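Undergrad:
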Amino acid sequence: MSLLELDGVKVHFPVKKGILFDRTVGHVYAVDGVSLKVEAGQTYGLVGESGCGKTTLGRGVLRLVDITDGEVVFDGTDLAKLPEEEMRRYRRRLQMVFQDPLGSLNPRQNIESILSEGMAAHGIGKDQDERREKIKEILAKVGLPTNALSRYPHEFSGGQRQRIGIARALVLEPDVIICDEPVSALDVSVQAQVINLLEELQESLGLTYLVIAHDLAVVRHISDVIGVMYLGSLVEEAPSDALYAGPKHPYTKALMSAVPVPDPEVEDRRERILLQGDLPSPANPPAGCRFHTRCPWAQDKCAVERPVLTDVGDGHKVACHFAAEIEAGELELTRPTGIEAVVSTEAVASQEAEVEDAAPEPASKVPAQAPAPKGEDAEHEAPADEDGAPATDGDAAAAESADADADGDPSESGADADAPEPDASAKKAGRTA
Amino acid sequence: MTKKADKVDRLAELMQTSESTSGASLWREAMRRLRASKMAIIGAVIIALFVVLAIVGPWIAPFSPSAQTWRGEVFANKGEFVGARSGNWFGLDHLGRDMFSRILVGARQTLMVGVVSMLIGLIVGALVGVLSGAAATLGGRTGQRIDTVVMRFTDIMLSLPSLLLAVSIAAVMGQSLTTVMIAVGVVQIPIFARLLRGSMLVQGSSDYVLAAKALGIRKKRIVLTQILPNSLSPVIVQATLSLATAIIEAAALSYLGLGNPDPAIPEWGVMLAQAERFFDNEPMMAAYPAIGIIITALGFTLLGEAMREALDPKLRG
Ligand SMILES: Nc1ncnc2c1ncn2[C@@H]1O[C@H](COP(=O)(O)OP(=O)(O)OP(=O)(O)O)[C@@H](O)[C@H]1O
Ligand code: SF4
Ligand SMILES: [Mg+2]
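Protein sequences, first through last, are from chains A and B. Be aware that the first sequence starts at 8, since it is given in our numbering, and climbs by one per residue. Be aware that the second sequence starts at 1030, since it is given in our numbering, and climbs by one per residue.
1) Between the alpha carbons of leucine 1151 of chain B and phenylalanine 1110 of chain B, how many angstroms are there, rounded?
2) Am I right that proline 189 of chain A and glutamine 169 of chain A are in contact with their C-beta atoms under 8 Å? What's the rounded C-beta distance?
3) Under the three-state reduction of DSSP, which class applies to glutamate 339 of chain A: helix, strand or coil?
4) Cutting at 6 Å between CB atoms, please list the residues of its own chain near leucine 43 of chain A, excluding the five before and the five after it.
5) Residues of the segment 1231–1260 of chain B with a CB closer than 9 Å to any CB of chain A: list them in chain order, please.
6) Between threonine 1330 of chain B and alanine 1268 of chain B, what straight-line distance do the alpha-carbon atoms span, to the nearest angstrom?
7) Three-state secondary structure (DSSP) at isoleucine 1246 of chain B?
8) Hey, is histidine 129 of chain A's beta-carbon within less than 8 Å of any beta-carbon in chain B?
9) Return the bridge partner residues of proline 246 of chain A from the DSSP annotation.
10) Around the Cβ of leucine 112 of chain A, are there at least 16 other Cβ atoms within 10 angstroms (buried) or fewer (exposed)?
11) I'd like to know whether the C-beta atoms of arginine 1247 of chain B and alanine 128 of chain A end up nearer to each other than 8 Å.
12) Using a Cβ-Cβ cutoff of less than 6 Å, which residues in the same chain neighbour alanine 1163 of chain B once the five nearest sequence positions on both sides are dropped?
13) Within the chosen definition, does the segment 290–310 of chain A reach the segment 318–334 of chain A through at least 3 CB pairs nearer than 8 Å?
14) Under 8 Å by Cβ, that's how I've got glycine 1245 of chain B and arginine 95 of chain A pegged, so tell me the actual separation to the nearest angstrom.
15) To the nearest whole angstrom, what separates the beta carbons of methionine 103 of chain A and valine 178 of chain A, a pair I think is in contact under 8 Å?
16) So, helix, strand or coil for aspartate 194 of chain A, using DSSP?
17) Under 8 Å between C-beta atoms, does leucine 1043 of chain B make it to chain A?
18) Cα-Cα, which of B:Gly1072, B:Ala1195, B:Leu1121 is closest to alanine 1335 of chain B?
19) Roughly how many angstroms separate the alpha carbons of glycine 239 of chain A and valine 1179 of chain B, rounded to a whole number?
20) Please confirm if leucine 13 of chain A has its CB atom under 8 Å from at least one CB of chain B.
21) Is threonine 75 of chain A closer than 8 Å to histidine 161 of chain A when the C-beta atoms are compared?
22) For valine 195 of chain A and glycine 166 of chain A, what's the separation of their Cα atoms in angstroms?
23) Which residues have their C-beta within less than 5 Å of a heavy atom of ligand 2, listed in chain order?
24) Would you call arginine 1250 of chain B buried or exposed, if buried means 16 or more other Cβ atoms sit within 10 Å of its Cβ?
25) Determine the burial state of glycine 58 of chain A: buried for a count of at least 16 other Cβ atoms within 10 Å of its Cβ, exposed for fewer.
26) Please name the residues in the segment 63–92 of chain A whose beta-carbon is closer than 8 Å to at least one beta-carbon of chain B, in chain order.
27) Mark aspartate 222 of chain A as exposed unless 16 or more other C-beta atoms lie within 10 angstroms of its C-beta, in which case mark it buried.
28) Taking Cβ positions, are glycine 65 of chain A and isoleucine 219 of chain A nearer each other than 8 Å?
29) Who are methionine 103 of chain A's beta bridge partners in DSSP?
30) Return the CA-CA distance between arginine 1337 of chain B and proline 1190 of chain B, expressed in angstroms with no decimal places.
31) Would aspartate 194 of chain A count as contacting chain B if we go by Cβ distances under 8 Å?
32) Within this structure, are the beta carbons of valine 45 of chain A and threonine 215 of chain A separated by less than 8 Å?
33) Using the three-state DSSP reduction, which class does aspartate 29 of chain A fall into: helix, strand or coil?
34) When you compare the CB of glutamine 102 of chain A with every CB in chain B, is at least one pair closer than 8 Å?
35) Excluding five sequence neighbours on each side, which residues of the same chain lie with their C-beta closer than 7 Å to the C-beta of tryptophan 304 of chain A?
36) Please name the residues in the segment 104–119 of chain A whose beta-carbon is closer than 7 Å to at least one beta-carbon of chain B, in chain order.
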């Protein structure tokens, strides 16, 4: 039995309106039926573009948001049904590391107070002296000086703050740590350090991780299993290597296109899909396959019937009606893959997603955008478009530079963490060409 | 986008100032910035002078504020007044009383009106705000309901013109200084309540509160030790600012004839009200209390605004 098992977890946020008393007028289907298993001592990487519900899922596991439906079974207990006080006690064993290291630390508490508060809440340590000893031990583990105790969060650098966040989780001796984009707010130079720290801690303390990230590069090396999320549900799940070797879901293929491969030859040959259109609003998700409004292979069936996540062998699971046909190359494209026209990666898409969320474009407009990008998209894509510089050129160059980085860094995560960069340099290359 | 970006900008700025001031807590940092602000210093000096005046005024006043010593020299009905002269530096009022002494003694009453009304607004408003904020953050459906009801009530209070509200209260309670203080204080209640509750909601949805929940800290404790202390700065700023409005509003109520009817105890607002009848012949009788009110209100406003700036991470630099 797995240490943490999610079964059909749904988190729907009510959308409220009203003059005197609020009425529920609809729902945001942030997480809409996710089932996954996290094995003890392993790392489950959860990826997907901004707004797909990763954070909400992570918070749902800890019951920081209300779970609408489904089970979260931790060590044999369904957390979703626990009374509040019991859930509170379970939180000692399930901890969280937040995306925004500064925002998640109370500015008016010093480090000792921040770290001992959780211990006090769970009755760890007889008195403050005993707790302080324990805290010092953990501080050393995460690579912070002991004199940090009496200082305040704003006196530390971004990387150090995230170490404080990690220490705060560790003092409770948890079994599972949910890391919600643990490095995305950090400088590229310290991202690798923090990822490495997480790995070391996992080895020495036998921790189980659920790591959330918006690009594959960050989770790639530390994850045993990777789940790809799209609009509230999993579209593909596979052991890390298998997913990289052969992504089967069209959405995963598109995500992969955004990650440069350090080998220029492979880079040139590999299949590239660049997504058209915007992420549909989770308040009004498309019927059938959630991805059919953007999928290059979408068929009639896709708009009607929702595919379920099915095992296609060796623990590789895909939620696509036509995964096998696409794999065999038997399916005609119903939409351009957008390689020639567009330079757009998840990194850009994720930055834009919030703006786009506000006014999602109707799905019907999406295909029309492919030949001649309009409006918002055009701004980003114009350089590559105008002078007709093939996107691959810029990307390949970027991939090389990423490769060069990797050479200098034995951990490689440093180069991976660079993932958003190649896009920027690709654009630059396009402009100067 | 804007909200998130704003937040990040804020944090970014927060980080920048912190580099140079390691070891200082946020409050100490705010104090440092306050001391460096001209606005704060001018405001603080005015307030200090006013407070000193309020304390020692009755002792240093050269004459009794209520004795009509020069009654025979002033013929208010005929428009004959005695202006500033040696001995009576601010002249005499319509009953032949020394204006300078009345201003000195009146400072205490005016300060008291301001402070007491502000405290009424602050204490009741903060209690209502904490109740509402805590209910909203802590508690499920019932909490939300309590919060909604309380806030709709404050909305109604806020939507009434404050002077109208104060006049209605004063009309019900009759003419006295207590009436003025209560009326002015009640008007401030919804402001403090909304402010504290809003501030608590902002803090309540912040990441560090989420982190505290994730740690397994009890909700009540989170409200008391995390949310509340971080929600107070706008309230403190508002308290300072509302001392100014309280003094002005109290003067307005006195002017409308709802103030202290006892002529023996001078108060700037009442003095201003009494001077109105004689404004054509002796404008200075109105000018002294009016200037006093304006300068003190200015002092509190300057300090309040300076505090707002010092406490707002967005404006750091
Ligand atoms: N409390 C809430 N009330 C209503 N909607 C919410 C709430 N929290 C999140 N959402 C919505 O749910 C969807 C999923 O949000 P979530 O934060 O889980 O996405 P994410 O994958 O973590 O994205 P990001 O990469 O931006 O962190 C978004 O559309 C978001 O607007
Ligand atoms: S089910 Fe259809 S729309 Fe969905 S991913 Fe597969 S082919 Fe594309
Ligand atoms: Mg997130």
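The beta-carbon is built from N, C-alpha and C at its ideal position, and this holds for glycine as well. Just so it is clear, the structure is predicted and the values come from calculations on it, not from any experiment.
TA: Let me spell this out:
1) 43 Å
2) 7 Å
3) coil
4) Leu13, Gly234
5) Ser1235, Asp1236, Tyr1237, Val1238, Leu1239, Ala1240, Ala1241, Lys1242, Ala1243, Leu1244, Gly1245, Ile1246, Arg1247, Lys1248, Arg1250, Thr1254, Gln1255, Pro1258, Asn1259
6) Those two C-alpha atoms are separated by around 10 Å.
7) Under the three-state reduction of DSSP, isoleucine 1246 of chain B is assigned to coil, being neither helix nor strand.
8) yes
9) A:Val232
10) Counting every other CB atom within 10 Å of its CB across the protein chains shown gives leucine 112 of chain A a total of 16 or more, marking it as buried.
11) Contact flag set, yes.
12) Val1252
13) yes
14) 5 Å
15) That belief does not hold up - the Cβ atoms of methionine 103 of chain A and valine 178 of chain A are roughly 13 Å apart, past 8 Å.
16) coil
17) Because leucine 1043 of chain B sits at a pLDDT of 36, beneath the cut-off of 50, its placement in the model cannot be relied upon, and the point is left open.
18) B:Gly1072
19) 36 Å
20) no
21) Annotated as distal: histidine 161 of chain A and threonine 75 of chain A, with beta-carbon spacing of 8 Å or more.
22) 10 Å
23) A:Pro257, A:Cys296, A:Phe298, A:His299, A:Cys302, A:Trp304, A:Ala305, A:Cys309, A:Pro314, A:Cys327, A:His328, A:Phe329
24) Arginine 1250 of chain B sits exposed, since fewer than 16 C-beta atoms from the chains shown fall within 10 Å of its C-beta.
25) buried
26) Arg66, Leu69, Leu71
27) Flag for aspartate 222 of chain A reads buried.
28) yes
29) A:Ile185
30) Rounded to whole angstroms, arginine 1337 of chain B to proline 1190 of chain B spans 25 Å at the Cα level.
31) no
32) The Cβ atoms of valine 45 of chain A and threonine 215 of chain A sit closer than 8 Å to each other.
33) coil
34) yes
35) Pro257, Phe329, Ile333, Leu338, Leu340, Thr341
36) Phe105, Asp107, Leu109, Gly110, Ser111, Leu112, Asn113, Pro114, Arg115
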